[in-house]
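> Sharing a structure, written as structure tokens. Questions coming.
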Amino acid sequence: MDIRIFDSAEALGAAAAAEGAAAIKDAIDAKGRTAIILATGASQFSMIEALIEKDIDWSKVTVFHLDEYVGISPTHPASFRLYLRQRFVERVAILHEFIGIDGDAADLPAEIARVSDRIGREVIDVCFAGIGENCHLAFNDPPADFDTEAPYLVVSLDDACRRQQMGEGWFKTLNDVPEQAVSMSIRQIMKSKKLILSVPDARKAQAVKDTVDGPVSNLHPASIVQQHAACSLYLDGQSASLLNK
104 MDIRIFDSAE ALGAAAAAEG AAAIKDAIDA KGRTAIILAT GASQFSMIEA
154 LIEKDIDWSK VTVFHLDEYV GISPTHPASF RLYLRQRFVE RVAILHEFIG
204 IDGDAADLPA EIARVSDRIG REVIDVCFAG IGENCHLAFN DPPADFDTEA
254 PYLVVSLDDA CRRQQMGEGW FKTLNDVPEQ AVSMSIRQIM KSKKLILSVP
304 DARKAQAVKD TVDGPVSNLH PASIVQQHAA CSLYLDGQSA SLLNK
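Whatever position you read off the sequence shown (first residue = 1), add 103 for this note's numbering.
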């Protein structure tokens, strides 16, 4: 794991975007196209702002959605589809394809089968993600399923995760936060050729410590990235404050 610490969320986001953009361009140069994964949430604001400014031929890029709440419409203020469309898809030049998750699909198993089949036909060159306050990776809360081969699955959100979503301002009350989500699985995330994790803020410090210094455990889901061959972890001084070294 390559750990990099910066003075601010803006600086770490810019650096994470620069590494990701270089990998995207390399993939396009090598095979004429690429597929990537984008995450959402407050931790990704700076990275996405920097990424959309990069000189990338987006017409050769397919973007997959990392997770979405069950039952949330695409116009709900907390919808991750809305987040990505407003902050990324509508702001870059013509994107080849955006594969979103329809969290309020009438037939949710069919929707999961659709996105699972679609990602199963791709090699993911870059996955941009974060780490939750409870050390989740995507919406794989502890204890996470490290064994399932399903690309996407329905997961239950624990109280810590739901409180984080409320605390970040996406929902007014805890009762408003859905109890389930569709999440990309741990094994699918780990198939990405490169992982770029942007994790600012003091409230993520314990999760960062558990990810880096602790043993690999499904009780600290993001710790699995210790086993990835090309993972870069971008931190600020606050999120890195509890690390042993």
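Every residue, glycine too, gets a C-beta built ideally from N, C-alpha and C.
Mind checking K348: buried by the 16 CB within 10 Å criterion, or exposed?
Here residue 348 refers to the residue found at position 245 of the sequence shown. Exposed.
> Pull the bridge partners of R107 from the DSSP assignment, please.
By one-based count along the sequence shown, residue 107 stands at place 4. BP columns for R107 point to Y337.
> Identify which residue in A145, E200, E171 and N243 has its Cα closest to the Cα of L211.
As a position in the sequence shown, residue 211 is number 108, starting the count at 1. With distances taken between Cα atoms, L211 lies closest to E171.
> Keeping to the same chain, check which residues put their C-beta closer than 7 Å to that of D205; ignore five residues upstream and five downstream.
Residue 205 sits at position 102 when you count from the first residue of the sequence shown. Correct list, in chain order: E214.
> For K297, count neighbouring C-beta atoms within 10 Å of its own C-beta (all shown protein chains included) and say buried if the count is 16 or more, exposed if not.
Walking along the sequence shown from the start, residue 297 turns up at place 194. So K297 ends up on the buried side.
> Leaving aside the five residues before and after V226 along the sequence, list all residues of the same chain whose C-beta is less than 8 Å from its C-beta, in chain order.
In the sequence shown, the residue the question calls residue 226 occupies position 123. Within the same chain, V226 has close Cβ partners A138 and K296.
> Is I197 helix, strand or coil by DSSP?
Here residue 197 is taken as the residue at index 94 of the sequence shown, counted from 1. Reduced to three states, the DSSP call for I197 is coil.
> Skipping 5 residues on each side, what residues in its chain have a beta carbon closer than 6 Å to that of D105?
Sequence index remark: in the sequence shown, residue 105 carries index 2 (1-based). Here the set comprises S335.
> Strictly by DSSP, which residues pair up with N243?
Your numbering for residue 243 matches position 140 in the sequence shown. Answer is L240.
> For V173 and D313, what's the separation of their Cα atoms in angstroms?
For the purposes of this step, residue 173 is identified with residue 70 of the sequence shown, where counting begins at 1. For the purposes of this step, residue 313 is identified with residue 210 of the sequence shown, where counting begins at 1. Distance between the alpha carbons of V173 and D313 is about 28 Å.
> I234 to D132, Cα distance in whole Å?
The sequence position of residue 234 within the sequence shown is 131, counting from 1. The sequence position of residue 132 within the sequence shown is 29, counting from 1. Roughly 30 Å between the two C-alpha positions.
> Check the DSSP bridge columns for H331 and list the partner residues they point to.
By 1-based counting over the sequence shown, the position of residue 331 is 228. Note: H331 sits in no beta bridge, so no partner.
> Going straight from the alpha carbon of A208 to that of V229, what length do you get?
Walking along the sequence shown from the start, residue 208 turns up at place 105. Walking along the sequence shown from the start, residue 229 turns up at place 126. Computed Cα separation, rounded: 27 Å.
> Since M287 sits in a beta bridge, which residues does DSSP pair it with?
The sequence position of residue 287 within the sequence shown is 184, counting from 1. Paired residues: Y255.
> Since L211 is in the beta strand (DSSP E), which residue starts that stretch and which ends it?
Start at 1 with the first residue of the sequence shown, and residue 211 comes out as number 108. That residue, L211, is in no beta strand (DSSP E); its alpha helix (DSSP H) goes L211 to G223.
> Which runs of the alpha helix (DSSP H), 4 residues or longer, sit entirely within the region 157–193?
Counting whole runs of 4 or more residues, the region 157–193 contains the alpha helix (DSSP H) stretches 183–190.
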